[in-house]
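Everything below concerns the one structure shown next.
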Amino acid sequence: MKKSNYEFPKEFMWGGATAANQLEGGFNQDGRGLSIADALPGGKQRFEVVQSPDFKWQIDEQKYNYPNHLGIDHYHNYREDIALFAEMGFRSYRFSIAWSRIYPRGDEKEPNQSGLKFYGAIIEECLKYKIEPVITLSHYEMPLTLAKDYGGWKNRQLIGFFERYAKTVIESFGDKVHYFLTFNEINSAMQHPVMGQGLVPSNGGNDKQNVFQAWHNQFVASAKAVEIAHHFNSKIKVGCMLLYATSYAYNSDPRNQLANLQNNQDFNYFCGDVQIRGQYPAYTKRLFSKYGFEMSDLEITEPDLQQIKNYPVDFISISYYMSTVVEVTGISNEQVAGNLMGGVRNPFLKVNDWDWQIDPTGLRIALDELYDRYQKPIFVVENGLGAKDKVEDNGKIYDDYRIDYLRSHIKAIGDAISDGADIIGYTPWGCIDLVSASTGQMSKRYGMIYVDLDDQGNGTMKRTKKKSFEWYKRVIDTNGRML
Ligand code: BGP
């Protein structure tokens with residue numbers, strides 16, 4: 012650990028992040044309805060299955076959906092888990108509410124009180140330790156009924172259902188919770204529409220057009236949540252949440268430069284431009300025509316556009332894991348994987364075990380660009396290294412590779428702050444080990460707290476502090492002066 016020269020703001024929200032479907036378990040307890048995450052497979056087939064036109068949602072607790080249904084049983088261990096976060100010194104904790112705990116089918120008129128009670132208890136537990144709760148309203152798990160019977164977010168009726176859900180949550184907790192995020196990684200739907208939008212292949216329809224229709228409905232729903240929150244308590248701030256992958260042109264060939272500009276617009280900025288600036292950007296026309304339709308093919312009303320304009324988000328939140336390279340001239344076709352999107356290999360970067368390109372400087376670029384474009388506060392609500400940890404004979408986990416990754420990314424945030432960007436917090440992903448979103452497995456771990464559980468569900472679920480636990484505790488204690 013070394014002394015750093017970074018000056019993080021006094022109130023900087025150091026913390027950690029999780030999502031309900033990846034850690035809670037208790038998937039059918041106390042009136043919780045099924046969510047789409049419960050009906051997706053674990054393991055490698057997670058996304059392949061959904062690409063097929065024969066796709067069917069499946070509920071099979073024994074095999075198919077393991078370990079999604081079990082999570083790390085945070086449902087019964089949340090007190091112990093939050094106590095560990097407090098011990099690390101967390102000032103904030105980002106978690107999500109499972110929509111189907113509050114509205115089990117999604118279309119009911121009255122909420123499930125047990126669900127509200129559970130999240131009320133989590134919030135109390137956080138406040139007991141002066142941890143600021145940061146709540147994601149929808150993190151890759153709408154109620155299954157809304158996907159199966161209503162066709163997911165492409166159906167306009169979901170705006171009303173979400174509005175009711177958001178109102179219930181905000182009015183129940185909005186006197187104590189001041190930060191809400193609407194849709195996790197909203198822009199990821201272009202790559203994987205199932206998780207964020209509940210869309211499956213439409214057999215003959217224009218699937219991309221469906222994604223944009225679904226986005227439009229989500230933009231309106233998000234703006235309704237902002238309206239509800241601001242009316243309820245003027246202290247509440249609502250943010251959008253973008254999967255940001257800094258994008259480079261492979262070289263100075265103008266064709267690659269242009270393709271990179273368009274990749275930035277289409278992937279990194281489109282959803283943010285609408286949610287933050289309150290209107291569809293000029294390049295929307297090019298973007299829609301790329302997928303063979305135009306604005307008038309979508310159901311977009313004048314009141315929708317007014318709603319989006321009147322209620323933009325208050326701040327921006329992002330996940331950042333890796334960067335990407337755009338190459339359209341055919342000189343390199345060595346592909347790499349990535350967080351839901353790949354790209355061409357960058358010869359200057361190393362990769363993690365899943366072939367995601369590690370790039371802390373890319374985070375500084377991301378934050379500088381985002382702040383330059385929008386001039387709104389930015390919260391880095393996800394970042395981290397997925398790795399296979401080894402428990403030594405003495406029971407310890409020496410995850411120096413994770414410390415190196417986190418340190419370099421915290422430095423990048425410190426640099427962006429020195430550059431003038433307004434960064435309000437940092438909540439690394441999966442601060443306690445949980446089920447991976449893309450692989451559906453336990454063995455891809457991010458946490459500073461180890462959970463004894465393998466991909467087959469064997470294990471005691473015992474929590475153990477990794478080496479990174481003490482390291483991060485010290486980082487927070489010194490407000491980033493020791494790194
Ligand atoms: C983001 C998601 C998270 C999370 C993380 C790590 O895309 O918001 O839910 O899981 O990525 O990804 P993975 O679990 O696939 O390694």
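Under the working numbering, the sequence shown has 239 at position 228, and the numbering climbs by one with no breaks.
Cβ atoms here follow ideal geometry from the backbone N, Cα and C, with glycine treated the same way.
Among the options, nearest to residue i - alpha-carbon criterion
i	options	result
Lys139	Lys187, Glu22, Pro388 and Val205	Lys187
His87	Leu381, Gly126, Glu35 and Trp68	Glu35
Ser258	Ile408, Ala50, Leu374 and Asp488	Leu374
Thr475	Tyr412, Asp400, Leu494 and Asp118	Asp400
Lys159	Ile47, Pro371 and Asn76	Ile47
Arg456	Asn394, Ile428 and His420	Asn394
Leu298	Asp277, Gln202, Gly283 and Asp444	Asp277
Ile376	Ser429, Leu157 and Val60	Ser429
Pro20	Thr179, Pro388 and Leu157	Pro388
Phe96	Met493, Tyr483 and Leu494	Tyr483
Asn405	Asn350, Gln368, Phe66 and Lys478	Lys478
Ile197	Leu494, Ile327, Glu22 and Trp68	Ile327
Asn267	Leu127, Gln40 and Val355	Val355
Lys74	Asp466, Thr471, Lys473 and Gly470	Asp466
Met5	Val145, Thr372 and Glu18	Here the chain comprises residues numbered 12 to 494, so residue 5 is not present and cannot be evaluated.
Gly283	Ser307, Gln229 and Thr335	Gln229
Ser449	Asn221, Leu417 and Asn350	Asn350
Contact set for residue i: own chain, Cβ-Cβ below 8 angstroms, skip 5 residues either direction
i	result
Asp264	Thr340
Gly10	Look at the range of the chain in this structure, 12 to 494, and you will see that residue 10 is not part of it.
Gly451	Leu51, Pro52, Gly53, Gly54, Arg57, Pro78 and Asn79
Met493	Met12, Lys13, Lys14, Ser15, Arg485 and Val486
Lys178	Ile239
Alpha carbon of residue i to alpha carbon of residue j, nearest angstrom
i	j	result
Leu396	Asn32	20 angstroms
Gln286	Pro323	5 angstroms
Cys137	Gly289	33 angstroms
Cys442	Ala423	19 angstroms
Arg495	Leu309	Because the chain in this structure spans residues 12 to 494, residue 495 falls outside the shown range and cannot be described.
Phe359	Met333	13 angstroms
Arg90	Ala28	16 angstroms
Pro52	Ala225	23 angstroms
Ile342	Asn271	15 angstroms
Asp426	Glu403	36 angstroms
Glu313	His227	12 angstroms
Gly131	Asn357	46 angstroms
Ile435	Val337	30 angstroms
Val446	Ala200	20 angstroms
Ile319	Asp463	45 angstroms
Lys141	Asp488	14 angstroms
Asp325	Gly250	6 angstroms
Tyr385	Leu127	35 angstroms
Gln40	Met306	43 angstroms
Asn279	Met352	11 angstroms
Val495	Phe23	Nothing can be reported for residue 495: it is not among the residues displayed for the chain, which extend from 12 to 494.
Tyr412	Tyr437	19 angstroms
Val499	Ile311	With the chain covering only 12 through 494, there is no way to say anything about residue 499.
Glu143	Lys246	13 angstroms
Ile93	Ile329	23 angstroms
Neighbourhood of residue i by C-beta, 7 angstroms cutoff - its chain only, sequence neighbours within 5 removed
i	result
Gly303	Asn217
Phe480	Met99, Met459 and Ile460
Glu182	Phe243
Tyr161	Gln168 and Leu169
Ala432	Leu378, Asp379, Tyr382 and Ile389
Asn274	Ser258 and Val337
Pro115	Gly42, Arg43, Gly44, Asn123 and Pro154
Gly209	Ile47, Met153, Leu157, Ala158, Gly163 and Trp164
Ala348	Trp365, Asp366 and Trp367
Close beta carbons around residue i, own chain, < 6 angstroms, minus the five adjacent residues each side
i	result
Phe38	Asp49 and His80
Thr193	Leu148, Ser233 and Ala236
Ser107	Ala30, Ala31, Thr147 and His150
Gln124	none
Phe172	Gly117 and Asp118
Arg43	Ser111 and Arg112
Met206	Tyr151
Val362	Gln368
Ser454	Lys399 and Asp466
Tyr409	Lys478
His420	Pro371, Leu374 and Asn394
Segments assigned beta strand (DSSP E), at least 3 residues, entirely inside the stretch 283–348: Runs found: 326–330 and 335–337.
What alpha helix (DSSP H) runs, 4 residues minimum, are completely inside the stretch 219–250? DSSP runs (the alpha helix (DSSP H)) wholly in the stretch 219–250: none.
Beta strand (DSSP E) runs wholly inside the stretch 252–282, at least 3 long, in chain order: 258–260, all fully within the stretch 252–282.
Counting only runs that start and end within the stretch 115–147, where is the alpha helix (DSSP H) found for 4 or more residues in a row? Listed in chain order, they are 124–139.
Curious, which full-length alpha helix (DSSP H) runs of at least 4 residues does the stretch 18–64 contain? Counting only runs of 4+ residues, the alpha helix (DSSP H) found wholly inside the stretch 18–64 occupies 31–34 and 56–62, in chain order.
Can you list, in chain order, the stretches of the alpha helix (DSSP H) that have 4 or more residues and sit fully within the stretch 186–212? Those alpha helix (DSSP H) runs which fall completely within the stretch 186–212 and span 4+ residues are 204–208.
Give, in chain order, every unbroken run of the beta strand (DSSP E) that is at least 3 residues long and sits entirely within the stretch 401–487. Qualifying beta strand (DSSP E) stretches, in chain order: 434–437, 460–462 and 474–476.
Start-end ranges of the alpha helix (DSSP H) lying completely within the stretch 69–103, minimum 4 residues: Counting only runs of at least 4 residues, the stretch 69–103 fully encloses the following alpha helix (DSSP H) elements, listed from N- to C-terminal order: 85–99.
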